Every structure is written in structure tokens, then in C-alpha cells.
Amino acid sequence: MPLVEDSAVTVGPFTLRCRKTIHHIPTTAFLISAGGHTLGYSADTAFDPALIEWLSEAELIIHETNYGIHTPYADLAALPATLRARMRLIHYPDDFDLGQSVIEPLKQGRRYTVGTQP
962 MPLVEDSAVT
972 VGPFTLRCRK
982 TIHHIPTTAF
992 LISAGGHTLG
1002 YSADTAFDPA
1012 LIEWLSEAEL
1022 IIHETNYGIH
1032 TPYADLAALP
1042 ATLRARMRLI
1052 HYPDDFDLGQ
1062 SVIEPLKQGR
1072 RYTVGTQP
């Protein structure tokens, strides 16, 4: 089923919306909704305030951070605390200081529930 940027697609119980990101290899961000809850996924992207605003309706936002053309951690760390609290980081560099991050890194093996506090 093709995804279209200007309309939602329903697959089973899920409603998917997508948006292109700023990246040299085409990547797509998603808002995935089901059961009255929404998950946001940034995909690889340069820092894009419009994308973050689009993702901000999600109860849980998975956002990448890295060097080069990717989203700098400092830009995400400067976001409002209420938004950062709903965000989890992925794609961070090997030398990223997990213990000092003001945004929780996503943890492999941990179960996340969208719509509830951790």
C-alpha cells in the first residue's frame, strides 16, 4: 500500500501519516496512531523545527541524533522540557554520553507503552 504525504493510510488498526525528512538519502518520518494513541518517528534527518512540530502531537517521539547531516543533540536538548520528556533518542554516536543526556536514549530490550508514563 503506497504512502502519500498529504493523506493518512489505514493498515489494520493503525493510521499512518508520513513526511519526508531532510537527508541526502530519502527518508520518511511517521506518525502512527492506534487506539487513541500516537507514536512519532523522525527517521534520519537534519534538525527540522517544522518536523519536530509535526511530531509533537505524538505521546512518544523517537528521534535520531548524530553528527554530520543528522540532528545535533544540542538542538534537541534545547527543546522545551515537556517535549523532551516524551522523546527518546536513537542513532546516537558511539561516544554519546548516555548518562548526561537530558533526553532518555531508547534502550534495546525495554518495552515502551505509548500513552502512559514510563
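Residue numbering for the sequence shown follows the numbering used here, starting at 962 and increasing by one per position. Yeah, the Cβ is synthetic: ideal placement off N, Cα and C, and Gly gets one too. These figures come from a predicted structure and were not determined experimentally.
- The C-beta of Met1048 has 16 or more other C-beta atoms within 10 Å across all chains shown, which makes the residue buried.
- Rounded to the nearest angstrom, the gap between the Cα atoms of Cys979 and Thr988 is 10 Å.
- Around the Cβ of Ile1030, a 10 Å sphere holds fewer than 16 other Cβ atoms; the residue is exposed.
- By the Cβ rule, the stretch 1024 to 1039 counts as touching the stretch 1002 to 1009, because three or more pairs are nearer than 8 Å.
- Residue His1052 holds the alpha-carbon nearest to the alpha-carbon of Glu1025 among Leu977, His1052 and Phe975.
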